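Chains as they are written, first to last, in the numbering used here: chain B, 889 to 1232; chain F, 889 to 1232.
Note that the Cβ used here is the ideal one computed from N, Cα and C, for glycine as well.
This one's a predicted model, so the numbers in the text were calculated from it and none came from an experiment.
See structure below.
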DNA sequence: TCCTGTCGCTAATACGTATTAGCTATTTAT
DNA sequence: ATAAATAGCTAATACGTATTAGCGACAGGA
């Protein structure tokens, strides 16, 4: 119980009747140095190591080698406390999978308290060889410092330049959104609305960009650049504008609108098509399968982790990767009914 | 890009015109030593630190202090690869929550490859101050070594002695199982069956123990000490024995039996009651709410983490805690129909 | 004037490992 | 027999920090 002082190479050396240096050489000598230690000695040392169960202290190892085979995972929004869990989980799975395949362990930064700062007094992050950063909204000052600094990192999700290009793996939301717009148009929709922010986080901007690029001037009948507005208000605006199809960035808004519409006797998608920009975890539990696109969260996380390892091990140059987002058919996008059309 | 060599205290010292020791004292001096550094000097050093954005290398820190504020998480069964994810997730959430509250970060041991050994060549575990161990089935040799060693750890789930008492936080399955048996008996069940292993992992043994303690000799009509047997075979045996109620350890078995029973025109719970010993994640998705008991996974993980910190920080003695498992009403346990009773 | 004490700082060391330079004893070449 | 080479090891050092012992300068008291 009384913390029997950890074994060190010195102890092993003493037991085997050699020097500490010899123990270290036995443990991880190059072929060159190995050839200079006779099998007899090596076996004697190895036996002591086996018997005692000695393992090298990874801290001391990192001290001298500089590398740890540990990757940090930092999240801006507090990631775990149940609420956000569903957002974080698939990313974590992807990171873990890639890390395991590459022989790395993960250091989960809990952000000790509320701070959520990379550069604090307690920057334990640097214990890792590099770091994956998650979160919708980054602190741009910190991001700039990271870019300027020498600590390897990769962001999950596209990031604008911050005093230099940011290495990232993101979802290619713009074309995915455009594709859904095209699909709506091919169904015959000519009066389309947009509900969601159009500025702020990169992911938001990308969606709006993809949307506005694909939709014609005449077709965009109204936009509500906010989220969480009362659904009945939204619906009033949509109907007043004569929209037959609405693009929504937030699943909760979509659910609320769908509810409100049904309670007014409107049919989805006949009277109103709803498209959600990006799938959400547990989406299957909301009852309705919204037309949307798939965000390849695990694949993003895997790719980011692999990129990070490339940067750590080979000092690879900055890469920026956007992964394709597959459209999800769903059942909330259909041809506008003629009734609705005339109602306009 | 060219890894601009990390700042050290020596650099700071040079810039501030003091010695490395002074920098260290400014950073984390005791009140005693602080009083011996005039405000002027301290401010000068602090300014340089602010300007350069220097942060102490946590590795070197751990080297000398011995502690890291990092907790390891080791899982025997490979934890992440999606399949097992649901088992692992609630535990991880609990650990993370407690770790965050206590100001610790988490080191997730990926087990690099298939090995899943604590004592391997690559035991990076010891970088942490202590370790939480998860998994249904432990390697007993390793457990014994852990118990004998001086590295603080806590198991999630009860563990038999391994050359000494194992510190753990588990679920109190035996009384939870007994309570369900009592409940079945109070419904009038007198012909009860058991399906599941009765030896092996501690959690399995506890369930069987709790069951056999509460059920009378005469009431246990049949037992099948295996899992995953074809449901129709099981059902034949149950009906032949005239069982009115069956206790099942594995959810999959319960689901299969329920299916098979319904396709034979039997009604659950009228013709056959089914009790599952322990709730399962995503249980709500299987359609039927099985009568069972709740395993407080997050609470177990939290408690284990807190216990671990006690051991790390205060060298606290071994504790063994079993948390209460609340019964889950469900709808698969009811009074046996008189028809079934006579059928016997 | 000399002794004592305090202030403000620094030199030195430990932590556990990896690694290089180099030492001693033995063998080989001449 | 002597020089050169080689085998088999070890001493020494670096990594970056925390911490203790203690040094020099100056102040105050006798």
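From the listed residues F/1047, F/1048, F/1042, F/1179, the smallest Cα separation to residue 1193 of chain F is found for F/1042.
The C-alpha of residue 930 of chain B is placed about 30 Å away from the C-alpha of residue 997 of chain F.
For residue 998 of chain B, the three-state secondary structure derived from DSSP is coil. Remark: C-beta atoms of residue 1086 of chain F and residue 1111 of chain F approach each other more closely than 9 Å. According to the DSSP secondary-structure assignment, residue 918 of chain F is paired through a beta bridge with no residue. Nearest to residue 1201 of chain B by C-alpha distance, out of B/911, B/941, B/982, B/1017, is B/1017. Note on geometry: alpha-carbon atoms of residue 1019 of chain F and residue 958 of chain F lie some 9 Å from one another.
Residue 896 of chain B and residue 952 of chain F have their C-alpha atoms some 14 Å from each other. In the three-state reduction of the DSSP assignment, residue 1057 of chain B falls in the strand class, which pools E and B. Counting C-beta pairs with one atom in each stretch, the segment 1066 to 1075 of chain B and the segment 1033 to 1040 of chain B have fewer than three that are closer than 8 Å, which means they do not touch. Interface with chain B (9 Å Cβ-Cβ cutoff): residue 984 of chain F is included. In summary, residue 1216 of chain F is buried, with 16 or more beta-carbon neighbours lying within 10 Å of its beta-carbon over all protein chains present. Counting only runs of 4 or more residues that sit fully inside the segment 1080 to 1129 of chain F, the alpha helix (DSSP H) segments are 1090 to 1102, 1119 to 1129, in chain order. For the 9 Å CB-CB criterion, residue 1095 of chain F and residue 1104 of chain F do not form a contact. With a threshold of 9 Å between beta carbons, residue 1025 of chain F makes no contact with chain B. Going by C-alpha positions, residue 993 of chain F is about 11 Å away from residue 962 of chain B. Within chain B, 947, 948, 951 have C-beta atoms less than 7 Å from the C-beta of residue 951 of chain F, given in sequence order. For residue 977 of chain B, the closest Cβ of chain F is nearer than 9 Å.
For residue 993 of chain B, the neighbours in chain F by C-beta distance under 7 Å run, in chain order, 995, 996, 997, 998, 1012. Within chain F, not a single residue places a beta-carbon under 9 Å from that of residue 1208 of chain B; the smallest gap is close to 15 Å.
Beta-bridge partners assigned by DSSP to residue 907 of chain F: none are found. Within the segment 1128 to 1152 of chain F, no residue places its CB atom closer than 9 Å to a CB of chain B. Of all residues in the segment 1035 to 1049 of chain B, those with a C-beta nearer than 7 Å to a C-beta of chain F are 1038, reading in chain order. Taking a C-beta distance under 9 Å as the contact criterion, residue 976 of chain B and residue 1022 of chain B qualify as a contact pair.
Secondary-structure assignment with DSSP links residue 1039 of chain F through no beta bridge to anything. By the Cβ-count criterion, residue 1167 of chain F is buried, with 16 or more other Cβ atoms from all chains shown falling within 10 Å of its own Cβ. Interface residue (Cβ-Cβ distance to chain F less than 9 Å): residue 1175 of chain B is not classified as such. Rounded to the nearest whole angstrom, the CA to CA distance from residue 1145 of chain F to residue 1131 of chain F is 13 Å.
Not a single CB atom of chain F sits nearer than 9 Å to the CB of residue 1054 of chain B. Shortest Cα-Cα distance from residue 1139 of chain B to any of B/1165, B/1093, B/1047 involves B/1165. In the structure shown, residue 1017 of chain F falls within a coil segment according to DSSP collapsed to helix, strand and coil. Proximity of residue 897 of chain F to chain B, defined by a Cβ-Cβ separation below 9 Å, is not satisfied. By the C-beta density criterion, residue 1106 of chain F is exposed, having fewer than 16 other C-beta atoms within 10 angstroms. With a minimum length of 4 residues, the unbroken runs of alpha helix (DSSP H) contained wholly in the segment 1124 to 1194 of chain F fall at 1139 to 1151. Within chain B, no residue has its CB atom less than 9 Å from the CB of residue 1189 of chain F, the nearest being about 11 Å off.
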